[in-house]
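Just below is one structure, and these are the notes that go with it.
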Amino acid sequence: MTNQSQTSFSETQKVWAEPFKIKMVELLKVTTLEERQQAIKNAGYNTFLLKSDDVYIDLLTDSGVGAMSDRQWAGMMMGDEAYAGSSNFYHMEKTIQDYYSYKYIVPTHQGRGAENILSQILVKPGDYVPGNMYFTTTRLHQELAGGTFVDVIIDEAHDPLSTHPFKGNVDLSKLDALVDKVGAEKIPYVCVATCVNMAGGQPISMGNLRELRVWCNNRNIRIVHDMTRVAENAYFIQQREQGYADKSVKEIVYELCALTDAATMSSNKDAMVNIGGFLAMNDEKFYDQACDLVVVYEGLHTYGGMAGRDMEALAIGITESVQDAHMQARVGQVEYLGNELAKRGVPIVLPIGGHAVFLDARAILPHIPQEQYPAQALAAALYVDAGVRVMERGAVSAGRNKQTSENYMPKLELVRLTLPRRVYTQAHMDVVVQSVCRVMEQADKIKGLRFASEPDVLRFFRGTFEEV
Ligand code: F0G
């Protein structure tokens, strides 16, 4: 939300503002420095373990935290909470078919519910699942099904300073190398994320996806689309890829989806609902198998873990998520935050991503070795400074290799400042910028961390730390 009285702009610069106004607000609590120091200690230096009441500006995630529109709230009142055949399911199904192209839809409680069903059906023990960088829950479900994830994203994605416009692209030569090594029959599908989260919210180009389509057709391998942030990806294609400047985000979203065979969706992001997801596909047999499993893990195939009212809000949210003006304001706010930080010399991942700004923790804390989790330490320090909650996306999130138990040491050791959709104002962004700069000035005082307790899986969620 723009606060232009604080912004200086030249006559030629085109300014933008959000395509909405505010009808209801939620009051925030401001804490003292001493309260925050105690809170982070109690949370074991893990921002996931902070109480939301102790947070001033919450940039932990963009998941389930967007602001719904009045229309979505009106839709909530139209919930048909029938156990079977809810009218909201059919509205949601038709919207997904119309906007995302997929034929069959299986609702799930959120994205990882869809990942579970997908992996159990398509991944066999000994299989390899290539993807344009891993996502935490996605990789875990592939591994639980006996598969091994293989990273096939272009090298530029691992370099925070590379300004490649499509750092989410797949490197087909890495796929060729995998086929040479294990054979195409060991690859059930290529997992393609739009706007790759762990790479810094970086898009894949339509050109690259088209090439991948041909590559997969030639080898009879499916493409499964992690479409969690597909609309943001479509916006970047519109802005950056030749031939797309005159196409709408809505058209580009459809074209992206139509190049793939199936999809998992965490719909509490792009589509601005608080909970929900789905698995979608074009193959009827796969759909049948998914219906068999959804009743085991989620609920009947016409609600799959979602309330009728949530399916209605999702159907409406999808239509809002692909509006050009919405997307310009959404990504525009992320770019505003990123540019203000970069201007002040804060090392961030470039280009600025679609849902978040990622700080390069290694560059900010060169005195902390990666074994002492600099991104985790930086996230904790940011909370203490001004009550801004952010998330580690580095060695802690990467976890351990399931065979060797060695820590993965990713090239990217990042802190993610994630922007909920339609929630914070530009003035909030200015507070965040000031806090990051203040923490950077005193970076040498920040200490490394070691685990005090380490869960076996997805350790970043519940692990606790102590200062080294
Ligand atoms: N895929 C991607 C790319 C995601 O970012 C997420 C969730 C999921 C799958 C899993 O979906 O949470 O609905 O089960 N990302 C959140 C985040 C948690 O903060 O990045 P889910």
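Its first residue numbered 8, the sequence shown is counted upward by one per residue in our numbering. We treat Cβ as the ideally placed atom computed from N, Cα and C, and that holds for glycine. Keep in mind the model is a prediction, meaning the values are calculated, not measured.
Classify residue i as buried or exposed, calling it buried when 16 or more other Cβ atoms lie within 10 Å of its own Cβ.
{"i": "residue 93", "result": "buried"}
{"i": "residue 373", "result": "exposed"}
{"i": "residue 22", "result": "exposed"}
{"i": "residue 482", "result": "Nothing about residue 482 can be read from this structure; the chain reaches only from 8 to 475."}
{"i": "residue 340", "result": "buried"}
{"i": "residue 11", "result": "Here residue 11 scores only 49 on pLDDT, less than 50, and its place in the model should not be relied on; the value that follows carries that caveat. Looking at its Cβ environment, which holds fewer than 16 other Cβ atoms inside 10 Å, residue 11 is exposed."}
{"i": "residue 477", "result": "Past the boundaries of the shown model lies residue 477; the chain is included only from 8 to 475, so the question cannot be answered."}
{"i": "residue 233", "result": "buried"}
{"i": "residue 462", "result": "exposed"}
{"i": "residue 470", "result": "buried"}
{"i": "residue 37", "result": "exposed"}
{"i": "residue 447", "result": "buried"}
{"i": "residue 168", "result": "exposed"}
{"i": "residue 468", "result": "exposed"}
Just grab the DSSP bridge partners of residue i for me.
{"i": "residue 209", "result": "203"}
{"i": "residue 414", "result": "407"}
{"i": "residue 158", "result": "138"}
{"i": "residue 471", "result": "460"}
{"i": "residue 223", "result": "Its beta-bridge partners do not exist; DSSP assigns none."}
{"i": "residue 436", "result": "Residue 436 is not bridged to any residue."}
{"i": "residue 198", "result": "138 and 231"}
{"i": "residue 421", "result": "367 and 400"}
{"i": "residue 112", "result": "287"}
Indicate whether residue i and residue j have their beta-carbon atoms separated by less than 8 Å.
{"i": "residue 267", "j": "residue 230", "result": "yes"}
{"i": "residue 112", "j": "residue 296", "result": "no"}
{"i": "residue 144", "j": "residue 175", "result": "no"}
{"i": "residue 150", "j": "residue 409", "result": "yes"}
{"i": "residue 115", "j": "residue 311", "result": "yes"}
{"i": "residue 272", "j": "residue 324", "result": "no"}
{"i": "residue 130", "j": "residue 154", "result": "yes"}
{"i": "residue 269", "j": "residue 288", "result": "yes"}
{"i": "residue 73", "j": "residue 429", "result": "yes"}
{"i": "residue 177", "j": "residue 157", "result": "no"}
For the ligand F0G, is there a heavy atom less than 7 Å away from the beta-carbon of residue i?
{"i": "residue 119", "result": "yes"}
{"i": "residue 284", "result": "yes"}
{"i": "residue 287", "result": "no"}
{"i": "residue 275", "result": "yes"}
{"i": "residue 24", "result": "no"}
{"i": "residue 471", "result": "no"}
{"i": "residue 204", "result": "yes"}
{"i": "residue 158", "result": "no"}
{"i": "residue 200", "result": "yes"}
{"i": "residue 70", "result": "yes"}
{"i": "residue 54", "result": "no"}
{"i": "residue 432", "result": "no"}
{"i": "residue 267", "result": "no"}
{"i": "residue 365", "result": "no"}
I'd like to know if residue i contacts chain D, where contact means its C-beta is closer than 8 Å to some C-beta of that chain.
{"i": "residue 155", "result": "The displayed structure is made up of one protein chain only, and chain D is not part of it."}
Counting Cβ pairs, one atom from each stretch, are 3 or more of them under 8 Å apart for the region 183 to 196 and the region 213 to 230?
-> Judged by Cβ distances under 8 Å, the region 183 to 196 makes contact with the region 213 to 230, as three or more pairs qualify.
Does the region 421 to 432 come close enough to the region 387 to 401 that 3 or more CB-CB pairs lie under 8 Å?
-> Cβ pair count under 8 Å is three or more, so yes.
Are there three or more Cβ pairs, one per stretch, closer than 8 Å when the region 123 to 142 is compared with the region 205 to 213?
-> The region 123 to 142 vs the region 205 to 213: in contact.
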